[in-house]
Amino acid sequence: MFRTAMLCLLLAVPHAGRGQDSTQLDPGRAAVVGATVLSAVVAVHIYQRDAWWQGEWQPFRFENDWQYALNIDKFGHTFGAYTESKLARSVLSWTGFSRSASLFYGSLIGLSYQMYVEVEDGYHKTYGFSPGDAFSNIIGASLPLAQESIPLLSHFSMKYSYWPSSNYLNALQTNQFRTFIDDYEGTIFWITCDPHFLLPRGLAEDLPPWIGISLGLAVHHLNENGGGDRLYYLTADYNFSKIPTESGFLRALFGALDFFHLPAPGIGIEDGRLHVGVYYTYHAKLSL
Amino acid sequence: MKTAALIACTVFFLSLAAAEPDSLSTAPLPGGDQIALRGFSTSLGRTSYVSSAGEYASGDYDFWLGFGYNITRRLFLGIRIYTGAEGTSPFRTFPYSGKFSLGGASVNVAWRFPVDRRFQFFTEGGFQLSTILAAYGNAAGGSSGYNGRAGQLSFGGEYFLHDSFSLHGEVLYRHRHYIDVIVDGENKGNRATFMDNDYGVGIGCNLYFDLLP
Numbered sequence: 001m002f003r004t005a006m007l008c009l010l011l012a013v014p015h016a017g018r019g020q021d022s023t024q025l026d027p028g029r030a031a032v033v034g035a036t037v038l039s040a041v042v043a044v045h046i047y048q049r050d051a052w053w054q055g056e057w058q059p060f061r062f063e064n065d066w067q068y069a070l071n072i073d074k075f076g077h078t079f080g081a082y083t084e085s086k087l088a089r090s091v092l093s094w095t096g097f098s099r100s101a102s103l104f105y106g107s108l109i110g111l112s113y114q115m116y117v118e119v120e121d122g123y124h125k126t127y128g129f130s131p132g133d134a135f136s137n138i139i140g141a142s143l144p145l146a147q148e149s150i151p152l153l154s155h156f157s158m159k160y161s162y163w164p165s166s167n168y169l170n171a172l173q174t175n176q177f178r179t180f181i182d183d184y185e186g187t188i189f190w191i192t193c194d195p196h197f198l199l200p201r202g203l204a205e206d207l208p209p210w211i212g213i214s215l216g217l218a219v220h221h222l223n224e225n226g227g228g229d230r231l232y233y234l235t236a237d238y239n240f241s242k243i244p245t246e247s248g249f250l251r252a253l254f255g256a257l258d259f260f261h262l263p264a265p266g267i268g269i270e271d272g273r274l275h276v277g278v279y280y281t282y283h284a285k286l287s288l
Numbered sequence: 289m290k291t292a293a294l295i296a297c298t299v300f301f302l303s304l305a306a307a308e309p310d311s312l313s314t315a316p317l318p319g320g321d322q323i324a325l326r327g328f329s330t331s332l333g334r335t336s337y338v339s340s341a342g343e344y345a346s347g348d349y350d351f352w353l354g355f356g357y358n359i360t361r362r363l364f365l366g367i368r369i370y371t372g373a374e375g376t377s378p379f380r381t382f383p384y385s386g387k388f389s390l391g392g393a394s395v396n397v398a399w400r401f402p403v404d405r406r407f408q409f410f411t412e413g414g415f416q417l418s419t420i421l422a423a424y425g426n427a428a429g430g431s432s433g434y435n436g437r438a439g440q441l442s443f444g445g446e447y448f449l450h451d452s453f454s455l456h457g458e459v460l461y462r463h464r465h466y467i468d469v470i471v472d473g474e475n476k477g478n479r480a481t482f483m484d485n486d487y488g489v490g491i492g493c494n495l496y497f498d499l500l501p
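Sequences listed follow chains A and B, in order. Read in my numbering, the first sequence has 264 at position 264, and its numbers run on one by one without any break. One gets my numbering by counting positions in the second sequence from 1 and adding 288 to each.
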């Protein structure tokens, strides 16, 4: 819900991400953003209270969960903090914050939101404050900063693809508050690369600028004992924001699409075997 | 002996501060003097416990990742998040063995002593909240979880390989005081008290971002 709200906000900000040298706040836009974010925070808190924080509470404590879901939840925390930081950066830029202010406060907002969730977990009997989740939050929120400081990192990004797994759909029959965010068997987290900087000049000029490559990680057959199978994918990728356009709306739309990995041809290692196909998620693919 | 070592370290770093060239105290950090991702750092230590069950020792390690803000060239304020484990074995009057899972977080303040543009000494102090849980094996008296507080102090050196990247090494001391409700296990809800003194060494790396508005 939070991501959906932020995505809608992002699509409403045609100049997002351009950035300016000094902060010149637009009061109208600032009011829209403030009201939207405040509403989203309240709505998200209510939603998460129903989805995650039902049941017994306890005094705050830390608890390591390094065996949970084959650690793919750590990719989820990294991706969440990364996405929220970039979305917040775009929104702040739209309201008139300078480029550096948008970048810094965007990451601060992304990290603060993720850590708020983690602290709430610390009071819940089922979870506890997970240092591993916090590590992932810090890394994810720092990535936009690192990409600005270290040019090499700007060629890499994180993306997400999701299709509900059968286990999740079955569980929904008994618990309507289960959230798709925890449906790791329906998710692939991708690390994408724009390979043009690696290629010889001639080859780089011949390859369309919107073509990239991506490495995906997914899990399957998860069980309560920390067991399961890891799945790996290497596919083509689409960098929509590299498609030239003069339209502010299309630029914002392409920027939003770049958070997602759309079906693309490649190879996958599933259940120890190499496959060739077009991959979106484990449950949504054309495997040859 | 341990107290003498701490006093020696303090005198050493104070003398460094006194001998520091004036130009370095105002020079910017190589990578900018704003925000920092401090982490991928690990420390290994030896813990001596004093508890109602008697004195015993354990080996421990922790891994931490943190972030913070360079208030000035010399002063850094940050947060560290810890994960790790402590393995205990029968020692003196303590007849138990087991393995504790360790998690925590601390607020830290560091003070730097620049030697040249690429190298600096630092001392860092912090206040830590932590939980130890007996994830596997037996634990003292059947108890399996404690919340605690700690004070920590470390001394070390940091070398900048690149304007935005540095390596550091440190020696650290931590005094933890677990006096809290047992948060799990058959004695849940009872209060427990025990203390430990932890000595360790750590290595790690840091990323700096000169991006603050």
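Think of the CB as a built atom: it goes at the ideal place given N, C-alpha and C, for glycine as much as any other residue.
Query raised in the report: Which whole-angstrom value describes the C-beta separation of Gly375(B) and Gly347(B), a residue pair presumed to lie in contact below a C-beta threshold of 8 Å?
Result: 6 Å
Query raised in the report: How would you list, in chain order, the residues of chain A whose beta-carbon sits under 9 Å from the beta-carbon of Thr360(B)?
Result: Near Thr360(B) there are no residues of chain A at all, since even the closest Cβ is about 18 Å away, more than 9 Å.
Query raised in the report: Does the Cβ of Asp21(A) have 16 or more other Cβ atoms within 10 Å, making it buried, or fewer, making it exposed?
Result: exposed
Query raised in the report: For Pro383(B), does the count of other Cβ atoms within 10 angstroms reach 16, so buried, or fall short, so exposed?
Result: Residue placement at Pro383(B) is poorly supported in this model, since its pLDDT is 49, which falls under 50; the coordinates still yield a value, given next. Exposed: under 16 other Cβ atoms inside 10 Å.
**Report entry** Segment limits, beta strand (DSSP E) that includes Arg230(A)
**Finding:** Asp229 to Tyr238
Report task. Would you list the one or two residues that DSSP bridges to Pro265(A)? Result -> Val278(A)
Query raised in the report: Between the C-alpha atoms of Asp183(A) and Asn170(A), what's the straight-line distance to the nearest angstrom?
Result: 11 Å
Report task. Please report the Cβ distance between Ser214(A) and Asp237(A), rounded to the nearest whole angstrom; I am assuming they are in contact, meaning their Cβ atoms lie under 8 Å. Result -> 4 Å
Report task. With distances taken Cα to Cα, identify the nearest neighbour of Ala438(B) among Tyr496(B), Ala373(B), Ser418(B) and Leu363(B). Result -> Ser418(B)
Query raised in the report: Taking the beta strand (DSSP E) that His77(A) falls in, what are its first and last residues?
Result: Careful: His77(A) lies outside any beta strand (DSSP E), inside the alpha helix (DSSP H) at Ile72 to Thr95.
Report task. Could you pull the start and end residues of the alpha helix (DSSP H) that Phe189(A) belongs to? Result -> Where Phe189(A) is concerned, there is no enclosing alpha helix (DSSP H), although the beta strand (DSSP E) it sits in stretches over Thr187 to Cys193.
Query - Where Gly425(B) falls: helix, strand or coil (DSSP) - result: Note that Gly425(B) scores a pLDDT of 41, beneath 50, so its modelled location is shaky; the value from the coordinates is reported in the next line. The answer is strand: DSSP assigns Gly425(B) an E or B state.
Query - Contact list for the segment 127-145 of chain A against chain B, Cβ threshold 8 Å - result: Gly128, Phe129, Ser130, Pro131, Gly132, Ala134, Phe135, Ile138, Ile139, Ser142 and Leu145
Query raised in the report: When you compare only the Cα positions, how much space is there between Ile243(A) and Leu250(A)?
Result: 10 Å
Query - Phe355(B) at chain A interface by Cβ criterion, 8 Å - result: yes
Query raised in the report: With a CB to CB cut of under 6 Å and the five nearest residues on each side skipped, what residues in its chain are close to Gly429(B)?
Result: At Gly429(B) the pLDDT is 43, less than 50, meaning the model places this residue with poor confidence; the figure from the coordinates comes in the next sentence. Cβ neighbours of Gly429(B) beyond the five flanking positions: none.
Query raised in the report: For Val395(B), which residues does DSSP report across the bridge?
Result: Ile367(B) and Phe415(B)
Query raised in the report: Of all the options Glu148(A), Ser93(A) and Glu185(A), which has the alpha carbon lying nearest to the alpha carbon of Ser166(A)?
Result: Glu185(A)
Query raised in the report: With respect to the alpha helix (DSSP H) encompassing Tyr113(A), which residues constitute its N-terminal and C-terminal limits?
Result: Arg99 to Gly122
Query - Amino acids of chain A, ordered along the chain, whose beta-carbon sits closer than 7 Å to that of Ser394(B) - result: Simply none; closest approach about 12 Å.
Query raised in the report: For Tyr487(B), which three-state DSSP category applies?
Result: strand
**Report entry** C-alpha distance - Tyr160(A) paired with Ala284(A), whole-angstrom precision
**Finding:** 13 Å
Query raised in the report: Buried or exposed: which applies to Leu92(A), given that a residue is buried once 16 or more other Cβ atoms fall within 10 Å of its Cβ?
Result: buried
Report task. Compare the C-beta of Glu63(A) with all C-beta atoms of chain B and state if any pair is closer than 8 Å. Result -> yes
Query raised in the report: Going by the CB atoms, is the gap between Tyr123(A) and Trp57(A) shorter than 8 Å?
Result: yes
Query - Buried/exposed call for Ser431(B), threshold 16 Cβ in 10 Å - result: With a pLDDT of 44 at Ser431(B), under the threshold of 50, the modelled position of this residue cannot be trusted, and the question is left open.
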